[in-house]
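In this note's numbering, the protein residues as written are 17 to 367.
Glycine residues also receive a C-beta, built at the ideal position from the N, C-alpha and C atoms.
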């Protein structure tokens with residue numbers, strides 16, 4: 017095992033593909049909400065999409081007006097539904113596959129927001145999967161499309177292809193050493209790309225996680241978007257790996273002490289607040305990437321394991337696992353115990 021794990025898997029966490037679509041024969045959701053027959057039309061849109069996707073995968077339909085606040089919070093935490101979908105709960109729904117890699121939001125900002133998620137970095141595969149989803153819907157119901165402008169959407173920033181190609185990156189070296197803000201973000205803007213936090217627009221980059229995605233959807237083809245995003249991600253991954261090596265060489269024992277302290281906190285503390293948990297978890301991930309810790313495997317499955325742990329220990333999911341709502345201190349205690357067992361179970365060795 018190398019001292020620094022020089023692989024895409026230690027940087028590129030996940031790939032997400034999203035398409036925004038509207039139906040030609042129905043008012044957009046913003047107007048639909050003002051209609052006296054909004055709920056009847058919303059049901060018809062749900063029926064059409066459900067029928068179109070019946071042969072694609074096994075989906076569960078969630079009508080938001082019938083969901084508890086706890087269930088909506090859980091789906092939101094897992095990035096399966098959006099804030100706009102929650103705001104439109106009178107008419108909105110979501111179709112979610114059993115493995116939660118496909119989410120189809122209905123009557124959000126647009127009639128349809130198709131989303132495909134996968135671990136790791138593979139834009140081509142994600143595009144292939146979401147294209148199959150899109151084709152299944154469009155074969156049943158015509159989309160609103162203009163020869164000059166492309167797919168018509170409620171927000172002008174989605175006009176054209178309606179495509180958002182996004183890759184989640186773990187960038188502790190670039191972020192902590194100031195190069196993300198100073199060098200990477202300006203270059204992304206120059207390319208028509210953007211960087212957001214792990215939970216989308218408005219969220220901070222907790223845990224050194226950044227989503228890189230295209231900002232422009234009009235005047236470029238889907239293939240061009242995938243190429244631009246893919247090239248940018250490859251470049252950022254290379255920069256991050258080089259910066260990690262420099263970070264290790266320059267910060268030496270101070271960096272080793274920081275990641276070992278984080279491991280000690282996560283495996284021994286009794287109360288663990290969410291932001292503190294994400295901060296220490298990022299340090300442990302960095303320690304693994306730099307070879308300060310080793311595990312039994314030669315691959316990078318540890319990245320997926322630790323990212324899934326972060327998703328598992330969000331507030332709404334803790335309440336679900338516990339079987340009843342917990343107060344803030346109860347959640348912090350549950351998080352500390354669960355995280356400690358999980359990380360000790362990985363049997364990491366300190367080098």
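Check the DSSP bridge columns for residue 33 and list the partner residues they point to. Residue 33 pairs with 132, 181.
What's the C-alpha gap between residue 115 and residue 163? If you take the alpha carbons of residue 115 and residue 163, they lie about 36 angstroms apart.
Residue 301 burial status per 10 Å Cβ neighbour count (16 or more: buried): Around the C-beta of residue 301, 16 or more other C-beta atoms lie within 10 Å, and the residue is accordingly described as buried.
Could you name the residues of the same chain whose beta carbon sits closer than 6 angstroms to that of residue 32, not counting the 5 residues immediately before and after it, in chain order? The beta carbon of residue 32 sits closer than 6 angstroms to the beta carbons of 133, 182 from its chain, once the five residues preceding and following it are set aside; these are given in chain order.
What are the boundary residues of the beta strand (DSSP E) that includes residue 79? Bounds of the beta strand (DSSP E) holding residue 79 are 75-79.
From residue 321 to residue 362, what distance separates their C-alpha atoms? If you take the alpha carbons of residue 321 and residue 362, they lie about 9 angstroms apart.
Could you round the C-beta distance between residue 90 and residue 110 to whole angstroms and report it? I think they count as a contact, below 8 angstroms. That belief does not hold up - the Cβ atoms of residue 90 and residue 110 are roughly 12 angstroms apart, past 8 angstroms.
Can you tell me the Cα-Cα spacing of residue 202 and residue 367, whole angstroms? Their Cα atoms are separated by approximately 37 angstroms.
Comparing C-alpha positions only, which one of 311, 230, 355 sits nearest to residue 330? Nearest C-alpha to residue 330: 355.
Do you know how far the Cα of residue 153 is from the Cα of residue 78? Cα atoms of residue 78 and residue 153: separation of roughly 18 angstroms, rounded to the nearest angstrom.
Count the C-beta pairs between the region 195-213 and the region 261-269 that are closer than 8 angstroms, then say yes if the count reaches three, no if not. By the Cβ rule, the region 195-213 does not count as touching the region 261-269, because fewer than three pairs are nearer than 8 angstroms.
Residues near residue 39 in its chain [Cβ-Cβ closer than 6 angstroms; skip 5 each side]: Once the five neighbours on either side are set aside, the close Cβ partners of residue 39 are 127, 157.
Let me make sure I understand the geometry here. Which of 297, 207, 234 has the alpha-carbon closest to that of residue 246? Ranking 297, 207, 234 by Cα distance to residue 246 puts 207 first.
Residue 365 versus residue 146 - alpha carbon distance: When rounded, the distance between both Cα atoms is 40 angstroms.
Using 10 angstroms around the beta-carbon of residue 165, count the other beta-carbons present and answer buried if the total reaches 16, otherwise exposed. Its Cβ having fewer than 16 others within 10 Å, residue 165 is exposed.
DSSP three-state label for residue 348, please. Note: residue 348 maps to helix in three-state DSSP.
Classify residue 285 as buried or exposed, calling it buried when 16 or more other Cβ atoms lie within 10 Å of its own Cβ. Counting the other CB atoms within 10 Å of its CB gives residue 285 a total of 16 or more, which places it among the buried residues.
Among 86, 63, 45, the one whose alpha carbon lies nearest that of residue 107: Checked all of 86, 63, 45; the closest Cα to residue 107 is 45.
How long is the line joining the alpha carbons of residue 101 and residue 88, rounded to whole angstroms? Those two C-alpha atoms are separated by around 10 angstroms.
Test item: CB-CB of residue 282 and residue 291 under 7 angstroms: No, the Cβ-Cβ distance between residue 282 and residue 291 is not below 7 angstroms.
Would you list, in sequence order, the uninterrupted alpha helix (DSSP H) runs of no fewer than 4 residues that lie entirely inside the region 214-290? Counting whole runs of 4 or more residues, the region 214-290 contains the alpha helix (DSSP H) stretches 238-284.
Per DSSP, what kind of secondary structure is residue 362 in: helix, strand or coil? Coil.
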